[in-house]
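One structure below.
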Amino acid sequence: MHPIRSILVPVDFSKVSANAFRYALRLADQLDASIDLLYVLPDTDGSLMSISLNDQYVGLGKEKLADFFTKGMTAVSSHLEHVPAVRLFVENGSLRATILRHLEAEQNNLILMGTQGEDNEEADNIFGSNTSNLVGRATCPVLVIPRSFDFRPLHSICYATDLTHIDAFHAGHVLKALRVFKPRLDFVHVKTGKGQKTNFDMDLLREVFHRPGTGVDTRFHVLEDDDVAEEILDYAEDISADLVVMHRPRRGWLSRLFSKSNTREAVLETTLPLLILPQEESDERKNEVSFISEKV
């Protein structure tokens, strides 16, 4: 995870995205980051009439986005130490494709989106399942903010690991990116009771991260439940975590089609901010393996 200097916030003018923008403003203030506000209009069919209508819709979209920005800034201005720089974008296309295109062009370090949750029926919000679908494609971390969740400093992080891949050792990058908060880090592994095999255990994580004198408070927990996502989220609530971190699973498209995704389930069910980390590039993973070897 790279330092967070630019945050992309896709919005649809709903209460959920308004809350996400307020959260983004306060987070960007703490991290000294900028924000890109993005509103996506459906693509046209190419006819002269649709192009003409689209120009009108773009104009209206810009007005609505400017009003959305003003209301969000006004709502949290008294909580900001420094007002983050915010750029406004209105673009055409499908939501996911446009977000990914913007991400590539502007090199944002984080996507922040609101989510309704699985059982919410508000019709004016375009996210929810779209947020969980984006998680599987984004090349940078995605931070999911539940509806009506107010910002609070990230002093306690619940870091989920399946102990199968070395993803958990990237926790050092997360701590570095969020060091302004000086967070406590709780590693959590959930055993499913189905003879699950792991490639390493909590002892190795403890060797790497539990080092007195570093100023980092780390704790290590092994739980057991068949519903991994629910157990992680319940435990995060129990310890009053301010953020839950999960890694996007390494699975092929066929496996994704027929298998349950704990990250997708967590996106739909979370009541806490949820940070989904993407798969790391192979070179970075090689460096991480070297880092682990040096530590242990």
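Position one of the sequence shown corresponds to residue 25 (this note's numbering), numbered consecutively onward.
In this text, a Cβ means the ideal position worked out from N, Cα and C, and glycines have one as well.
- request: Could you check if Arg121 is buried or exposed, using at least 16 other CB atoms within 10 Å of its CB as the buried criterion?
  value: Note on residue identity: the sequence assigns Ala, not Arg, to residue 121. Classification of Ala121: exposed, given that the 10 Å Cβ count is below 16.
field: Alpha carbon of His26 to alpha carbon of His197, nearest angstrom
entry: For His26 and His197, the distance between alpha carbons rounds to 7 Å.
- request: State yes or no: is the C-beta of Arg272 within less than 8 Å of the C-beta of Pro297?
  value: no
task: State the DSSP-derived secondary structure class of Asn133, mapped to helix, strand or coil.
output: coil
message: Could you compute how far the alpha carbon of Ile123 sits from the alpha carbon of Ala42?
response: 18 Å
- prompt: So, helix, strand or coil for Ala57, using DSSP?
  reply: coil
Proximity to Val232 [Cα-Cα], best of Asn132, Leu267, Glu248 and Phe211: When C-alpha distances from Val232 are compared across Asn132, Leu267, Glu248 and Phe211, the shortest belongs to Phe211.
message: Taking the alpha-carbon of Ile256 as reference, which of His234, Lys206 and Thr185 has the nearest alpha-carbon?
response: The residue among His234, Lys206 and Thr185 with its C-alpha nearest the C-alpha of Ile256 is Thr185.
- prompt: Val246 and Met270 look like a contact to me (Cβ under 8 Å); what is the Cβ gap, rounded to whole Å?
  reply: In fact, because the Cβ distance is near 16 Å, the residues do not count as touching under 8 Å.
query: Name the DSSP bridge partner or partners of Glu105?
result: Paired residue(s): none; Glu105 is not in a bridge.
- request: For Ser30, collect the residues of the same chain with a Cβ closer than 8 Å to its Cβ; drop the 5 residues on either side in sequence, then sort them by chain order.
  value: Ala57, Ser58, Ile59, Asp60, Glu130, Gln131, Asn132, Asn133 and Leu134
task: Output the boundary residues of the alpha helix (DSSP H) element that contains Lys229.
output: Reading off the sequence, residue 229 comes out as Leu, not Lys. Its alpha helix (DSSP H) spans residues Met226 to Phe233.
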